[in-house]
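**Q** For the sequence shown, our numbering gives the first residue as 87, with consecutive numbering after it. Where is the CB? At the ideal position from N, CA and C, for every residue including glycine.
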Amino acid sequence: MLNKNILDEIGTKINEVIAHGPAKDIEKNLRTILTSMISKLDLVTREEFDVQQEVLKRTRAKLTELETKVAALEGQLKPSPSETGTATSDSNYDG
């Protein structure tokens, strides 16, 4: 059976080799590549996203309000049924 100190020493040596070996360079290069790729994506911060989400929420509320007002105004413009029977249209005028 292996001694615990020997296992710890092997682990320490492996970590040293990885820290000073090509793995560290590979990690550094991967970070650079990933950072470059992410910066090319058109990403926004969470704060910017939340701000735009709030703007959209207010815009939707305003749209609903305006749709309601337009419907009410259109309702006021429609002639009542009694007016449609008695009103004469210019297209029916023979004069």
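How far does the alpha helix (DSSP H) with Gly97 in it extend, from its first residue to its last?
**A** Where Gly97 is concerned, the enclosing alpha helix (DSSP H) stretches over 90-106.
**Q** Where Leu120 and Ile112 are concerned, what is the direct C-alpha to C-alpha distance, given to the nearest angstrom?
**A** C-alpha separation (whole angstroms): 12 angstroms.
**Q** For the alpha helix (DSSP H) containing Val137, list its first residue and its last residue.
**A** Note, Val137: alpha helix (DSSP H), 132-163.
**Q** Could you give the DSSP three-state label for Gly181: helix, strand or coil?
**A** Unreliable placement is indicated for Gly181, whose pLDDT of 48 sits below 50; no coordinate value is reported for it.
**Q** Indicate the three-state DSSP secondary structure (helix, strand or coil) for Leu129 in the structure shown.
**A** It is coil, neither helix nor strand.
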